[in-house]
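K.L.:
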């Protein structure tokens, strides 16, 4: 049978001088057939020479012997103007599941491979409409890119979203996640203004699977304890990505794990690019919160192959420096303050919402142990919510992104291609977080005249209108009464000057971290074809490591015990979180601390480090059989095996006095002296979008850290096996998938079998807390001894003057460790069905149904355990500081977590009125079982080292029994003839509440954690032959968090507007500019859904400016 030649020509209209999407007939030739100089391929080349520039990929759609290529021609090029829509109708009816090759292509299968298959092999199908893989050809411009994406989505058998390289790398976007957030139903979580994790259709990031060329990427987190299945998009540069496919419906060929959806990142390969093609991009970025300081970024990519297309090499490198400053205000550790209440006895004054309703989960509320508070005027308060800490943070990060790619391809025969990839992504971050905080330490409950010791009562509290939420507090140092009197007002007993209360606020604290994360992947993939069967094999390894090499925290107070009495560097401390959070302190507090009126808080100063490691080896074989059956396009089947090892370890570090094994705080009387070089000599920013304060003292962490290392020698690691969690996981999978096409109907049906073997090792520390301080009279209500001026405590040991007299750590803090090993194995059959039906008038109806599965997150399985036994002696010692009542308290992961499962279906209708335009509606419904919810439980029996312990309170992870996430996606796209383009989408999501269980015990109710109520995007752009400008807006509705003090945490709605532009100076040189977060939007979260005033956090990362120049070259 000879190939048929069906002339189909069309273009999408553009303004004069603009780019057009052109469609040209291409004659399919056999591998041995020479290219005719007068053939259609030569026409494409002649047209390409007349374009303003030649980009990297577009779409090739094949129907039997008809192949359409979408290219770019100058508007003046004469082409036929017949409608592409009619041709698209014919193409769509013939496309099968072979077009959905994102999972198996992994940078190896190319359009050239398909073109080399013989006509004889095609004839074996004995049908007119032979589906082929979506290929690529060069396109230019955003109009061509978004039109191509619509066409690819239309031709897919699955419900997908697609972004081509032109949509990602054409602008200096911060990362791939930011580009993905423009797709319907996709939302991202941001870190320092950059997209870090991706959520699809309202489900949390852990339920979305991200793969590189169809395979898992070992995730690396810069923070301690960061082992996770969620991909860290901070690592991924945009310049290496050729396209991205987001699968919203399942198919058997896809790896399991993407209940929310599966994101597959496709990189470029040399045999699919013109020889000697490449680019160099140089630019910079500046962030408003950093004073618009310009930081560099550079990337380059070069691709080469020989003239015979047998051997090719691609090399890419990238470097980006980005300095970030975030401003954050928080109100943390919310408690219910009421007299005579606790988690086991709250009937006297139960916790209520602002409307007066008792909270639905009172047993999991955090109760302030001492009840309400009495202020300095004698007013008593009881029955209200109040945070224990109100910190304002300024976090400065020096981020460095490094990336590299090497890809080799060898095609010894037309039917076999071998591809080797190596990727390396590195992220380094020097992080300084300065915190100014007013903590609620030791608020007294009795009458002010009876207050003892150092306790400082507030001068008053401010409340919300319901009088159930404290929105502000004020502390002024009293003169001569209550705790400030030298004589106890009740007993008449004389007090020592050191026992008199003093002003400890504001608490100047924070941390200094040096963090890094590195992820690497290497694989070899072979693609082959032999008659009616083709296939591929893929063998590879991905590995990562990350964590802080330095994690140093320190704190100081504005007071000093000197010359026999307290000297206060601050007289006023006041906070308010109604409206924009504010903090007011004495204006001279910084100068006083620089002048020596301050002390190091030794109990809050220390260091540590951590390491997260992960590695996965994988092997995969995929096959595709094309039987001689008219309605069967292909039968795909394959197997895959993965072997994963992961661990996370945190390590405490300590300084010792030289020549001893004693911690420096307990053997150096000068350890608590606050030297001026430990502080910055200036105030940090006081008026930000997130908070306002009149002065902001801050640590000079590098100076203090260097001082400690010089005085006491290098830090010593402390062996703590309880801070270890490890996992070994082996996954086996096999699948079969039938792809069909008959008349207007096409789709696929298949099943995937999964086998998971999982073993975990988790460390648990059991800590018994006894009396921590020396007291005048040991026992309930005993008065704590302060260190006198001579620096010698009651037993003759060194102490820090003015600080508490601590007992030796090994006396009051007794620790033991146990390791717990757990093993699980489970199987799952995952069927899937996708149906596409072509209706008249360019309408397309889709349906999808599947079952999906995802193992629990590594972090939820491996959270290290901690059990603390609070003895009565410890409680009485620290009751004034809000110590927990005597009992057992703890936290830990849940190795018994069940795997996530879901039954889901979609029904979608799309209308394609013209090329590049679409209007669609998609209803989705996901019934998710065993989703995870953070919970805090009372009276839970926990097995610790083989011994059952009844926990007074325990924080862990529970399973939601069965929750439904359902909603509607609306999407539209239209390209006007005058150069304007509009893209818009809106996704709404409803989630149901369901029981949360730990083991077989129901412990509460929760909605799907991480689900968003809605998400929306709007992009408007204008493009001509040289100039492009695009305005984009992104909205995200409330996001449900976990349970905090018995209430649900909510991320408030977020909106961000960005603007991008480019200008082509020449055929090869393009200038780019962007403004991200034009509206200077902030992220806000709250506790409970009854009011905004129960603040959790308010964060502002600034507006970002990016600019650059891209020089592209080469190609033949």
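Residue numbers (my numbering): 1479 to 2594. Glycine included, C-beta positions come from ideal geometry on N, C-alpha and C.
(1) Report, in whole angstroms, the separation of the C-beta atoms of residue 1728 and residue 2330, which I expect to be a contact under 8 Å.
(2) From which residue to which residue does the beta strand (DSSP E) around residue 2431 run?
(3) If you draw a straight line from the C-alpha of residue 2205 to the C-alpha of residue 2125, how long is it?
(4) Using the Cα positions of residue 1906 and residue 1764, report the straight-line distance between them to the nearest angstrom.
(5) Decide if the region 1706-1718 is in contact with the region 1625-1633; the criterion is three or more beta carbon pairs, one per stretch, under 8 Å apart.
(6) Please classify residue 2580 as buried or exposed, where buried requires at least 16 other C-beta atoms within 10 Å of its C-beta.
(7) Quick test of the definition: if touching needs 3 or more C-beta pairs under 8 Å, does the region 2126-2136 touch the region 2192-2203?
(8) Run through DSSP, which three-state label would residue 2469 get?
(9) Enumerated in chain order, which unbroken segments of the beta strand (DSSP E) with a length of 3 residues or greater are wholly contained in the region 1626-1677?
(10) Can you list, in chain order, the residues of its chain with a C-beta nearer than 7 Å to that of residue 2567? Leave out the 5 residues immediately preceding and following it.
(11) In whole angstroms, what separates the C-alpha of residue 1815 from that of residue 1822?
(12) Could you check whether residue 2037 and residue 2086 sit closer than 8 Å to each other, using their CB atoms as the reference points?
(13) Between the alpha carbons of residue 1945 and residue 1832, how many angstroms are there, rounded?
(14) Who are the near neighbours of residue 1686 in its chain, counting only those whose CB is closer than 7 Å to its CB and skipping five residues on each side?
(15) For residue 1772, I'd like the list of residues in its chain whose CB is within less than 8 Å of its CB, leaving aside the five on either flank, ordered along the chain.
(16) Could you spell out where the alpha helix (DSSP H) holding residue 2287 opens and where it closes?
(17) Using only the alpha-carbon positions, how far apart do residue 2300 and residue 2410 sit?
(18) In chain order, what are the residue ranges of uninterrupted alpha helix (DSSP H) at least 4 long that sit wholly in the region 2384-2430?
(19) When we look at the beta-carbon of residue 2373 and count the other beta-carbons within 10 Å, is it buried (16 or more) or exposed?
(20) Looking at chain B, is there any beta carbon in it that lies within less than 8 Å of the beta carbon of residue 1987?
(21) Alpha carbons only, please: which of 2115, 2419, 2547 and 2582 is nearest the one belonging to residue 2588?
(22) Taking all protein chains shown into account, do 16 or more other C-beta atoms lie within 10 angstroms of the C-beta of residue 1825, making it buried, or fewer, making it exposed?
(23) With 16 as the cutoff for other CB atoms within 10 Å, does residue 2505 come out buried or exposed?
(24) Going straight from the alpha carbon of residue 2123 to that of residue 2340, what length do you get?
(25) Am I right that residue 2046 and residue 1981 are in contact with their C-beta atoms under 8 Å? What's the rounded C-beta distance?
(26) For residue 1948, count the other beta carbons within 10 Å of its own beta carbon; 16 or more makes it buried, fewer makes it exposed. Which is it?
(27) Suppose contacts are defined by Cβ-Cβ distances below 8 Å. Is residue 2513 in contact with residue 2545 by that definition?
(28) Use the C-beta contact count for residue 2499: other C-beta atoms within 10 angstroms, 16 or more gives buried, fewer gives exposed.
(29) Please go through the same chain and pick out, in chain order, the residues whose beta-carbon is closer than 8 Å to the beta-carbon of residue 1756, but skip the five residues on each side of it.
(30) Using 8 Å for Cβ pairs, my map puts residue 2322 next to residue 2388. What's the rounded Cβ distance?
(31) Beta carbon of residue 2342, beta carbon of residue 2115: below 8 Å?
(32) By how many angstroms is the C-alpha of residue 2050 removed from the C-alpha of residue 2165?
(33) What would DSSP say about residue 2190, mapped onto helix, strand or coil?
(34) List in chain order: all unbroken alpha helix (DSSP H) runs of 4+ residues lying wholly within the region 2111-2137.
(35) Could you pull out every unbroken alpha helix (DSSP H) segment of at least 4 residues lying fully inside the region 1985-2053, listed in chain order?
(36) To the nearest angstrom, how far is it from the Cα of residue 1605 to the Cα of residue 1693?
P.N.:
In terms of the structure at hand:
(1) As a position in the chain shown, residue 1728 is number 250, starting the count at 1. As a position in the chain shown, residue 2330 is number 852, starting the count at 1. So it is a contact: roughly 5 Å between Cβ atoms.
(2) As a working note, residue 2431 is residue 953 in the chain shown. Segment 2431-2453, the beta strand (DSSP E) holding residue 2431.
(3) Residue 2205 sits at position 727 when you count from the first residue of the chain shown. Residue 2125 sits at position 647 when you count from the first residue of the chain shown. Distance between the alpha carbons of residue 2205 and residue 2125 is about 6 Å.
(4) Position 428 of the chain shown holds residue 1906. Position 286 of the chain shown holds residue 1764. Roughly 18 Å separates the two Cα atoms.
(5) The answer is no - the region 1625-1633 does not touch the region 1706-1718, with fewer than three Cβ pairs under 8 Å.
(6) The residue labelled residue 2580 in the question sits at position 1102 within the chain shown. Flag for residue 2580 reads buried.
(7) Flag = yes, the region 2126-2136 and the region 2192-2203 touch.
(8) In the chain shown, the residue the question calls residue 2469 occupies position 991. Looking at residue 2469 - three-state DSSP - the assignment turns out to be strand.
(9) 1638-1642 and 1664-1669
(10) In the chain shown, residue 2567 corresponds to position 1089, counting from 1. Excluding sequence neighbours, residue 2567 sits near 2526 and 2528.
(11) Translated into positions along the chain shown, residue 1815 becomes position 337. Translated into positions along the chain shown, residue 1822 becomes position 344. Approximately 15 Å between the Cα atoms of the pair.
(12) Reading the chain shown from its first residue, position 608 is the one you call residue 2086. Reading the chain shown from its first residue, position 559 is the one you call residue 2037. Cβ distance not < 8 Å, so residue 2086 and residue 2037 don't count as in contact.
(13) The residue given as residue 1945 occupies position 467 in the chain shown. The residue given as residue 1832 occupies position 354 in the chain shown. Answer to the nearest angstrom: the Cα atoms are 8 Å apart.
(14) As a first step, residue 1686 is located in the chain shown; it is residue number 208 there, counting from the start. Cβ neighbours of residue 1686 beyond the five flanking positions: 1676, 1677, 1678, 1736, 1738, 1739 and 1741.
(15) Locating residue 1772 in the chain shown gives position 294, where the first residue counts as 1. If we look at residue 1772 and ignore the five residues flanking it on each side, its Cβ neighbours are 1762, 1763 and 1764.
(16) Here the question's residue 2287 lines up with position 809 in the chain shown. Residue range 2287-2290 is occupied by the alpha helix (DSSP H) that includes residue 2287.
(17) By one-based count along the chain shown, residue 2300 stands at place 822. By one-based count along the chain shown, residue 2410 stands at place 932. One Cα belongs to residue 2300, the other to residue 2410, and the distance between them is close to 19 Å.
(18) none
(19) The residue you call residue 2373 lines up with position 895 of the chain shown. Under this definition residue 2373 is a buried residue.
(20) Reference to chain B is not applicable here, since this structure consists of a single protein chain.
(21) In the chain shown, residue 2588 corresponds to position 1110, counting from 1. Of the listed residues, the one whose Cα sits closest to residue 2588 is 2547.
(22) Counting from 1 along the chain shown, the entry for residue 1825 is found at position 347. Exposed, by the Cβ-count rule.
(23) For the purposes of this step, residue 2505 is identified with residue 1027 of the chain shown, where counting begins at 1. By the 10 Å Cβ count, residue 2505 comes out exposed.
(24) Numbered from 1 along the chain shown, position 645 holds the residue referred to as residue 2123. Numbered from 1 along the chain shown, position 862 holds the residue referred to as residue 2340. Spanning the two alpha carbons is a distance of roughly 12 Å.
(25) Taking the first residue of the chain shown as position 1, residue 2046 is located at position 568. Taking the first residue of the chain shown as position 1, residue 1981 is located at position 503. Contact flag correct, Cβ pair sits at about 5 Å.
(26) Along the chain shown, read from residue 1 onward, the residue named residue 1948 stands at position 470. It is buried - the Cβ of residue 1948 has at least 16 other Cβ atoms within 10 Å.
(27) Looking up residue 2513 in the chain shown gives position 1035. Looking up residue 2545 in the chain shown gives position 1067. The answer is no: Cβ separation not under 8 Å.
(28) Working through the chain shown from its first residue, we reach residue 2499 at position 1021. Burial call: buried.
(29) Within the chain shown, residue 1756 is the residue found at index 278, counting from 1. Counting only Cβ-Cβ distances below 8 Å, and skipping sequence neighbours, we find 1778, 1779, 1780, 1781, 2590, 2591 and 2592.
(30) The residue you call residue 2322 lines up with position 844 of the chain shown. The residue you call residue 2388 lines up with position 910 of the chain shown. Contact flag correct, Cβ pair sits at about 5 Å.
(31) For this step, residue 2342 is matched to residue 864 along the chain shown. For this step, residue 2115 is matched to residue 637 along the chain shown. Cβ distance not < 8 Å, so residue 2342 and residue 2115 don't count as in contact.
(32) Counting from 1 along the chain shown, the entry for residue 2165 is found at position 687. Counting from 1 along the chain shown, the entry for residue 2050 is found at position 572. Cα to Cα, residue 2165 sits roughly 19 Å from residue 2050.
(33) Here residue 2190 refers to the residue found at position 712 when the chain shown is read from its first residue. Residue 2190 falls in the helix class under three-state DSSP.
(34) none
(35) none
(36) Within the chain shown, the letter at position 127 stands for residue 1605. Within the chain shown, the letter at position 215 stands for residue 1693. Note that residue 1605 scores 39 on pLDDT, short of 50, meaning its location in the model is unreliable; the coordinates nonetheless yield the value given after this. Looking at the two C-alpha atoms, the distance is approximately 34 Å.
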